[in-house]
Structure formats: structure tokens, C-alpha cells
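A quick write-up on the structure given underneath.
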Amino acid sequence: SHTPTTARPTARSLTALREEAAHCRACPLWRNATQTVFGEGRATARIVLIGEQPGDREDLTGKPFVGPAGKLLDRALQAAGVERRATYVTNAVKHFKFEPRGKRRIHKKPNEQEISICQQHWLDNELRLIAPALVVAMGATAARAVFGRATAIGKNRGHVIKEKELAGSVTADVIVTVHPSYLLRVPDEDRDAAFQQFVEDLKLARTYAP
Ligand code: URA
Numbered sequence: 023s024h025t026p027t028t029a030r031p032t033a034r035s036l037t038a039l040r041e042e043a044a045h046c047r048a049c050p051l052w053r054n055a056t057q058t059v060f061g062e063g064r065a066t067a068r069i070v071l072i073g074e075q076p077g078d079r080e081d082l083t084g085k086p087f088v089g090p091a092g093k094l095l096d097r098a099l100q101a102a103g104v105e106r107r108a109t110y111v112t113n114a115v116k117h118f119k120f121e122p123r124g125k126r127r128i129h130k131k132p133n134e135q136e137i138s139i140c141q142q143h144w145l146d147n148e149l150r151l152i153a154p155a156l157v158v159a160m161g162a163t164a165a166r167a168v169f170g171r172a173t174a175i176g177k178n179r180g181h182v183i184k185e186k187e188l189a190g191s192v193t194a195d196v197i198v199t200v201h202p203s204y205l206l207r208v209p210d211e212d213r214d215a216a217f218q219q220f221v222e223d224l225k226l227a228r229t230y231a232p
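Residue numbering for the sequence shown follows UniProt numbering, beginning at 23 and increasing consecutively.
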């Protein structure tokens, strides 16, 4: 009974938007995924955290950042004194993109078109409805979705980018930082420092948008 989502949604509440997103057919990623993994958290959050796309666990549970990357994010938020419950956590892309390999499903990076379509349909509307004080773009995919173009993480992290007109003409202040999964791939000897730097970015978010 649900028509394909081609026109951009104009929902008036996050609940309505989430319901629309559950039936999204705007790009092919819905076909192999279990379900749409929409954002989760406070509709009145001061901080919106944006990741890349759901992983295996997220695809199965329907919730963002509940797998290994989510556990790392939880630890970093706690170290930074940010209450996850007070934030809104979402992803640039709402369906899990993967390649089957035996019994495993191997994460595949979403392409530019998938990022852009999902941003226009869902992310822009989440940001419009929440109107947070601060957006934290975690990793290259989130940064691309937020700014509408490739944005280097290393050069742009560590400070607040003010009054940025985002890709969807929503205006927000933004912090760019690494994706928590990146920390899982950093060589052992550098991991503590990389984790600490991620925590510093989250502390900046906390003090900027308490
Ligand atoms: N990685 C992401 O970017 N998002 C999730 O929800 C889980 C892993």
C-alpha cells in the first residue's frame, strides 16, 4: 500500500519521517538490507551525531550504532561526558550496504549517489526537524552528506565550523571528526592516542552545545 519514495518527504514530525523512511525505495540499497535503520534519540537534542551507514548488527536490530563501532562510540561519549540519551544518533545512509562472503556480510562503502539521495530524503529532514545546536559528522561519508562534497577529516577536525549552510540548506554549526570504526583499524601503538583525540572532539561538542 506504500508508494515508492521518489518525491522528497516533507514530514512534520520525526515519527512521521521515520515511518516514511521504513518504506524507502529511493535507491537500490533497500533490496538486500533487512530494514531501514533510522536515527534514534531525542527530537529536541542539542547534538546530532552522524555516522556512515548501519552495519551488520544495526541492520538486524534496526537501531543505529549498537555493534562494535557503537560500543566504541559509547565508551568515547562516556569518556567525554556526553550522555548518549540526550543526543540524536543517525547515519548518512539508512540501509546496510554489503557483499555476501560465505556466511558473512562484508560492509561496502556507499557511493556518492546513495549518500546524496539518502541525505536529501532523510538526513536533511532529520536536521530540519531537530534543528540541533551542533552536528557531529563522524567520518568521510557523514562529512560528505553534511557539506554536500568531499571534506577532509584531518584538516577540519578539532574546531567548530560555524553557521554552515549544509547540503540541504539547513544551517547548523558542525564538528567534523573520525568515524569510530576508524579507531578499530588504527595500529595498536597508536590506538590510545587516536581514541583520546576522538574523545577531545566529543568534549568540544559537549562544551559547545551543553
Ligand atoms: N557504523 C556506522 O556508521 N553506523 C552504525 O550505525 C554502525 C556502524
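Backbone N, C-alpha and C define an ideal beta-carbon position, used for all residues, glycine too.
None of these values were measured; they are calculated from a predicted model.
Among the candidates the options, whose CA atom is the shortest distance from the CA of residue i?
i	options	result
Pro-154	Leu-51, Ala-65 and Asn-178	Ala-65
Ala-43	Lys-225, Cys-140 and Asn-178	Cys-140
His-117	Ser-203, Gln-57 and Val-182	Gln-57
Arg-79	Arg-127, Arg-171 and Ala-165	Arg-127
Leu-94	Asn-133, Gly-180, Ala-231 and Met-160	Met-160
Pro-202	Gly-61, Gly-92, Pro-86 and Gly-63	Gly-92
Gln-75	Gly-61, Glu-41, Val-115 and Gly-170	Val-115
Gly-170	His-129, Glu-41 and Asp-146	Asp-146
Gly-63	Glu-41, Pro-86 and Cys-46	Pro-86
Gly-180	Ala-108, Arg-228 and Lys-130	Arg-228
Buried or exposed: residue i, going by 16 or more other Cβ atoms within 10 Å of its Cβ?
i	result
His-143	buried
Ala-48	buried
Asp-81	buried
Thr-163	buried
Glu-211	exposed
Ala-172	exposed
Pro-132	buried
Just the C-alpha distance for residue i and residue j, rounded to the nearest angstrom, thanks.
i	j	result
Arg-106	Asp-96	7 Å
Leu-151	Leu-205	31 Å
Ile-137	Thr-193	19 Å
Ser-23	Lys-125	Residue placement at Ser-23 cannot be trusted, given a pLDDT of 37 that sits under 50; the coordinates are not used to answer.
Pro-26	Glu-148	Here the model assigns Pro-26 a pLDDT of 47, short of 50, so the residue's position is not dependable, and the following value carries that caveat. Looking at the two C-alpha atoms, the distance is approximately 20 Å.
Leu-39	Pro-31	7 Å
Thr-112	Arg-213	25 Å
Gly-176	Val-59	28 Å
residue 233	Gly-77	Nothing about residue 233 can be reported from this structure: the residues present for the chain run from 23 to 232 only.
Gln-219	Pro-232	19 Å
Thr-83	Gly-89	10 Å
Ala-216	Val-208	8 Å
Gly-61	Tyr-110	7 Å
Asn-178	Ser-35	32 Å
Ile-183	Pro-50	33 Å
Ala-174	Val-104	25 Å
Lys-130	Tyr-230	34 Å
Cys-46	Ala-108	27 Å
Glu-41	Ala-33	10 Å
Val-158	Ala-167	12 Å
Quiz item: Is there contact between the region 45 to 59 and the region 118 to 130, where contact requires at least three CB pairs shorter than 8 Å?
Solution: yes
Quiz item: ligand 1: which residues have Cβ under 5 Å from any of its heavy atoms, chain order?
Solution: Gly-73, Glu-74, Pro-76, Gly-77, Glu-80, Pro-86, Phe-87, Ala-91 and Asn-113
Quiz item: Using 8 Å as the threshold, is the region 216 to 231 in touch with the region 191 to 202, meaning 3 or more CB pairs across them?
Solution: yes
Quiz item: If we count Cβ pairs, one from each stretch, closer than 8 Å, do we get three or more for the region 183 to 193 versus the region 84 to 103?
Solution: no
Quiz item: Do the region 154 to 165 and the region 69 to 79 touch if we need at least three Cβ pairs shorter than 8 Å?
Solution: yes
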